[in-house]
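Report on the following structure.
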Amino acid sequence: RIALHDQRPPRDLGLTLREYVLSGARDLLAVEEELGRLEREMADGAHDEGTLRRYADAQARLEHAGGWAWRERAARAVRGLGFRDEDLDRQLSTFSGGELTRASLARALAVEPDLLLLDEPTNHLDVESLEWLEAELATLDAAVILVAHDRWFLEAVTTAVLELAPGGAHYFAGPWHEWRREKAARAVAAERTADRVSEDIARLERFVERFRYKKSKARQAQAKLTQIGRLEKDRAAARGTLASLTQGRRTLGFDFLQPPRTGRVVLDAENISLSAGDKTLLEDANIVLERGEKVALVGPNGSGKTTLLEALLSRRSPDGSVASLGHGVVPAYFSQHTQELPAHGSVLDCAVAATGLPRPQAQMLLGRFLFSGWEMHERPVSALSGGERRRLALALLVASGANLLVLDEPTNHLDLESREALEAALEAFPGTVLIVSHDRALLDAVPDRIVAVEELGLRSYEGGWADLTRERNAETAPLIEPVPQAKRAPEPRLRPERKRPSELELVETQIAAVETRVSELEGKLAEDWANMDVLSAHRAARDELKALLGRWELLFEGTESR
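Pasting the structure below:
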């Protein structure tokens with residue numbers, strides 16, 4: 005049995021969710037229907053050998069597929085992917101695009117296939133559903149082939165990697181992070197081989213140049229020329245391998261403009277209340293962003309994250325709030341469905357109008373986001389695919405000059421390299437960032453703080469995703485009462501007290517110690533970047549160093565002014 009989940013939405017929108025999910029096992033539905041028909045015939049008195057044999061055969065086929073429990077598996081998949089029981093009898097035509105994608109995934113998982121094919125299964129899943137899917141795939145008795153760009157998901161579920169490249173493919177038997185490490189090692193080896201062969205060629209060329217006209221060495225010089233020819237082929241092969249390992253596909257050119265400086269408070273929202281229909285999303289919630297902060301907003305699907313972003317930017321009227329932007333704040337919004345793009349005009353016209361750039365510079369900007377050539381520049385915005393629309397919106401965001409970036413699921417439809425390029429650009433961005441994402445790698449790399457939608461309010465957690473997970477786990481762990489420690493009596497002084505170092509000197513000592521710790525942790529990350537404990541420790545050390553440097557500047561300015 006083969007099951008497929010792809011990125012195309014279901015076609016028959018007249019079905020209910022229940023009918024659609026169960027339709028993935030038409031053979032089992034047919035067996036159930038046959039059993040029901042035969043039972044009715046036997047109830048009417050048909051007890052001949054043929055009827056009994058057909059009934060036994062149908063029962064055996066159903067038992068071989070797991071019996072009647074397959075319907076419970078289907079229900080478990082539906083619940084695990086975030087649907088409620090009351091959704092089962094809703095028509096697919098009433099679902100959003102993200103819900104339809106999750107319905108397709110539930111349909112593929114419902115039948116316990118022998119081979120499961122998944123194309124971007126993490127799209128439109130919140131973190132809770134992602135973690136459920138990871139656990140489900142870990143216990144599924146089936147071969148799974150998947151395409152995905154969620155790095156934490158790949159690390160959690162894959163046991164082998166097949167990398168497709170121009171002209172071939174490379175198979176690696178091992179988890180995803182080991183494949184990345186092995187690929188980097190192959191690139192280093194290819195570069196060293198190319199350098200070594202170049203040195204050999206240069207040495208042989210010097211020999212030929214020196215002795216090619218000397219009669220006694222002419223034969224040797226000719227042999228060296230032949231050897232140089234072979235080595236040039238080896239060098240070309242090594243350089244080709246290096247290029248395939250390091251260049252790969254083109255990544256997006258994230259290079260944000262230097263934004264203008266804002267006041268200390270960038271955004272302040274108090275007593276904000278939101279609802280969607282009869283559902284209350286937030287009640288008297290508060291959120292404050294300060295200059296330079298990178299803040300992530302997380303919560304389950306349907307908890308109101310996008311609604312809150314739009315309310316904070318006055319794109320919708322909240323039910324009750326006091327929200328304001330600080331002095332000099334220039335916001336830019338990247339929406340999940342790119343509503344900010346115009347409905348009419350070409351790609352180039354859109355870029356020129358949105359950025360104010362001259363056409364040649366707008367064309368260069370578009371080229372950095374893979375819109376190259378006259379055909380792409382003149383294509384109507386309305387004719388772009390979902391992924392192309394998101395790349396265009398990202399290009400306009402980069403050139404906006406905004407000092408407050410508000411991003412709703414920015415990594416959707418981005419490949420691995422572009423996701424990492426976006427992460428690096430956001431980390432280096434000197435302005436303020438408010439981001440909604442379910443990409444746990446992004447959530448751990450970029451934010452200084454995570455704000456979670458919890459119990460109709462907003463709760464702040466310091467650090468990234470690993471820190472939030474650790475804090476939540478600690479809250480649910482059983483408490484152990486600490487053993488009281490007896491106070492030690494002060495020891496008698498044996499020598500005169502030395503002059504205490506100044507606070508500036510103490511801070512300088514602390515800075516040196518923390519810099520050493522940061523360096524050690526970066527060395528560990530170079531060996532295993534996916535270690536959550538090391539990632540969390542590195543983030544904490546980096547934040548501590550930042551605070552100490554700020555304290556040192558204040559103390560130093562104080563001593564200079566005396």
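Residue numbers for the sequence shown follow this note's numbering, beginning at 5 and rising by one.
Beta carbons are placed, not taken as given, at the ideal position from N, Cα and C, and that holds for glycine.
What would DSSP say about R15, mapped onto helix, strand or coil? Locating residue 15 in the sequence shown gives position 11, where the first residue counts as 1. Residue state, collapsed to three classes: coil.
Kindly list the residues whose CB is nearer than 7 Å to the CB of V192, restricted to its own chain and excluding five residues on each side of it in sequence; keep chain order. For the purposes of this step, residue 192 is taken as the residue at position 188 of the sequence shown. Correct list: empty, nothing qualifies.
Could you tell me which uninterrupted beta strand (DSSP E) segments, each at least 3 residues in length, are contained entirely in the region 292 to 364, listed from first to last along the chain? Counting only runs of 3 or more, we get 298 to 302, 324 to 329 and 335 to 338.
Check the C-beta distance from L549 over to V518 and give it rounded, since I have them as a contact under 8 Å. On the sequence shown, position 545 is the one that residue 549 refers to. On the sequence shown, position 514 is the one that residue 518 refers to. So it is a contact: roughly 5 Å between Cβ atoms.
Can you list, in chain order, the residues of its chain with a C-beta nearer than 6 Å to that of D259? Leave out the 5 residues immediately preceding and following it. Counted from its first residue, the sequence shown places residue 259 at position 255. Cβ neighbours of D259 within its own chain (closer than 6 Å, five residues either side excluded): none.
I need the straight-line Cα distance from I205 to S339, nearest angstrom please. Counting from one through the sequence shown, the residue named residue 205 turns up at place 201. Counting from one through the sequence shown, the residue named residue 339 turns up at place 335. In a straight line, the C-alpha of I205 is about 55 Å away from that of S339.
Under 8 Å by Cβ, that's how I've got A289 and S441 pegged, so tell me the actual separation to the nearest angstrom. Start at 1 with the first residue of the sequence shown, and residue 289 comes out as number 285. Start at 1 with the first residue of the sequence shown, and residue 441 comes out as number 437. Between A289 and S441, the beta carbon gap of about 19 Å keeps them out of contact (Cβ cut-off 8 Å).
Would DSSP call Y24 helix, strand or coil? If you number the sequence shown from 1, residue 24 lands on position 20. Three-state DSSP puts Y24 in a helix.
In the DSSP output, what is R111 paired with across the bridge? On the sequence shown, position 107 is the one that residue 111 refers to. Beta-bridge pairing links R111 to no other residue.
Assumed close pair L285, T311 - CB separation to whole angstroms, cut-off 8 Å: Residue numbering aside, residue 285 sits at position 281 when the sequence shown is read from its first letter. Residue numbering aside, residue 311 sits at position 307 when the sequence shown is read from its first letter. Indeed, because the Cβ distance is near 6 Å, the residues count as touching under 8 Å.
Whether A142 touches A160 by CB criterion (9 Å): Your numbering for residue 142 matches position 138 in the sequence shown. Your numbering for residue 160 matches position 156 in the sequence shown. Yes, Cβ-Cβ distance for A142 and A160 is below 9 Å.
To the nearest angstrom, how far is it from the Cα of D52 to the Cα of A34? Taking the first residue of the sequence shown as 1, we reach residue 52 at position 48. Taking the first residue of the sequence shown as 1, we reach residue 34 at position 30. Approximately 22 Å between the Cα atoms of the pair.
Would you mind sorting H2 into buried or exposed? The rule is 16 or more other CB atoms within 10 Å of its CB. In the structure displayed, the chain extends from 5 to 566; residue 2 sits before or after that span and is not available.
Taking the continuous beta strand (DSSP E) assigned at F176, which residues delimit it? For the purposes of this step, residue 176 is taken as the residue at position 172 of the sequence shown. Bounds of the beta strand (DSSP E) holding F176 are G172 to F176.
Please go through the same chain and pick out, in chain order, the residues whose beta-carbon is closer than 8 Å to the beta-carbon of R497, but skip the five residues on each side of it. Mapped onto the sequence shown, residue 497 falls at position 493. Per-residue confidence for R497 stands at a pLDDT of 41, beneath the threshold of 50, marking its modelled position as unreliable; no derived number is given.
Would I149 be called buried (16 or more neighbouring beta carbons within 10 Å of its own) or exposed? As a first step, residue 149 must be located in the sequence shown, where it is residue number 145. A residue is called buried once 16 or more other Cβ atoms fall within 10 Å of its Cβ, and I149, having fewer, is exposed.
Check whether the region 405 to 416 and the region 328 to 347 are in contact - that is, three or more C-beta pairs closer than 8 Å. By the C-beta criterion, the region 405 to 416 is judged to be in contact with the region 328 to 347, since at least 3 inter-stretch pairs fall below 8 Å.
For A194, the nearest candidate out of R239, E427, A428 and R234 (CA to CA): If you number the sequence shown from 1, residue 194 lands on position 190. Answer by Cα proximity: R239.
Inspect the CB distances between the region 15 to 29 and the region 88 to 102 and report whether three or more fall short of 8 Å. Taking 8 Å as the limit for Cβ pairs, the verdict is that the region 88 to 102 does touch the region 15 to 29.
Return helix, strand or coil for D130, following the three-state DSSP convention. By 1-based counting over the sequence shown, the position of residue 130 is 126. In the structure shown, D130 falls within a coil segment according to DSSP collapsed to helix, strand and coil.
Pair within 9 Å by beta-carbon distance, L352 and R363: Against the sequence shown, residue 352 aligns to sequence position 348. Against the sequence shown, residue 363 aligns to sequence position 359. One thing to note: L352 has its Cβ within 9 Å of the Cβ of R363.
Less than 9 Å separating the beta-carbons of V164 and A177? Taking the sequence shown and counting its residues from 1, one reaches residue 164 at position 160. Taking the sequence shown and counting its residues from 1, one reaches residue 177 at position 173. The question names Val, but residue 164 is Ala in the sequence shown. Cβ atoms of A164 and A177: closer than 9 Å.
Below 8 Å on the Cβ atoms is my guess for A406 versus A336; work out the distance and round it to an integer in Å. Mapped onto the sequence shown, residue 406 falls at position 402. Mapped onto the sequence shown, residue 336 falls at position 332. Yes, A406 and A336 are in contact; Cβ-Cβ is about 3 Å, under 8 Å.
N- and C-terminal bounds of the alpha helix (DSSP H) containing R30: Against the sequence shown, residue 30 aligns to sequence position 26. Where R30 is concerned, the enclosing alpha helix (DSSP H) stretches over R30 to A47.
Rounded to a whole number of angstroms, what is the C-alpha to C-alpha distance between R30 and R5? The residue you call residue 30 lines up with position 26 of the sequence shown. The residue you call residue 5 lines up with position 1 of the sequence shown. Rounded to the nearest whole angstrom, the C-alpha separation of R30 and R5 is 11 Å.
Could you give the distance in angstroms between the alpha-carbon of G102 and the alpha-carbon of F87? For this step, residue 102 is matched to residue 98 along the sequence shown. For this step, residue 87 is matched to residue 83 along the sequence shown. When rounded, the distance between both Cα atoms is 12 Å.
Give every residue of the same chain whose Cβ lies closer than 7 Å to the Cβ of R2, excluding the five residues on either side of it in the sequence, and list them in chain order. Outside the displayed span of the chain (5 to 566) sits residue 2, for which this structure offers no information.
Is it true that the CB of A425 sits closer than 9 Å to the CB of A355? Walking along the sequence shown from the start, residue 355 turns up at place 351. Walking along the sequence shown from the start, residue 425 turns up at place 421. No, they are not a contact pair.
In terms of residue numbering, what span does the alpha helix (DSSP H) encompassing T230 cover? For the purposes of this step, residue 230 is taken as the residue at position 226 of the sequence shown. Annotation for T230: the continuous alpha helix (DSSP H) segment containing it runs A222 to T250.
Give me the DSSP bridge partner(s) of R453. Working through the sequence shown from its first residue, we reach residue 453 at position 449. BP columns for R453 point to V299 and E466.
When DSSP labels each residue in this structure, what does T266 get in the three-state scheme? Walking along the sequence shown from the start, residue 266 turns up at place 262. T266 falls in the coil class under three-state DSSP.
Who are the near neighbours of L558 in its chain, counting only those whose CB is closer than 7 Å to its CB and skipping five residues on each side? Sequence index remark: in the sequence shown, residue 558 carries index 554 (1-based). Taken in chain order, the list of residues that qualify is empty.
With DSSP collapsed to three states, give me the class of P494. Residue numbering aside, residue 494 sits at position 490 when the sequence shown is read from its first letter. For P494, the predicted structure reports a pLDDT of 48, less than 50, and the residue's modelled location is therefore unreliable. The matter cannot be settled from this model.
Compute the beta-carbon to beta-carbon distance between P125 and H9, rounded to the nearest angstrom, for a pair I have assumed lies under 8 Å. Mapped onto the sequence shown, residue 125 falls at position 121. Mapped onto the sequence shown, residue 9 falls at position 5. Sure, about 6 Å apart at Cβ, within 8 Å.
What first and last residue would you give for the alpha helix (DSSP H) that runs through D123? The residue labelled residue 123 in the question sits at position 119 within the sequence shown. D123: not part of any alpha helix (DSSP H); member of the beta strand (DSSP E) spanning L119 to D123, first to last residue.
State the Cα-Cα distance for the pair D91 and R83, rounded to the nearest angstrom. Here residue 91 refers to the residue found at position 87 when the sequence shown is read from its first residue. Here residue 83 refers to the residue found at position 79 when the sequence shown is read from its first residue. If I take the Cα positions, the gap works out to 10 Å.
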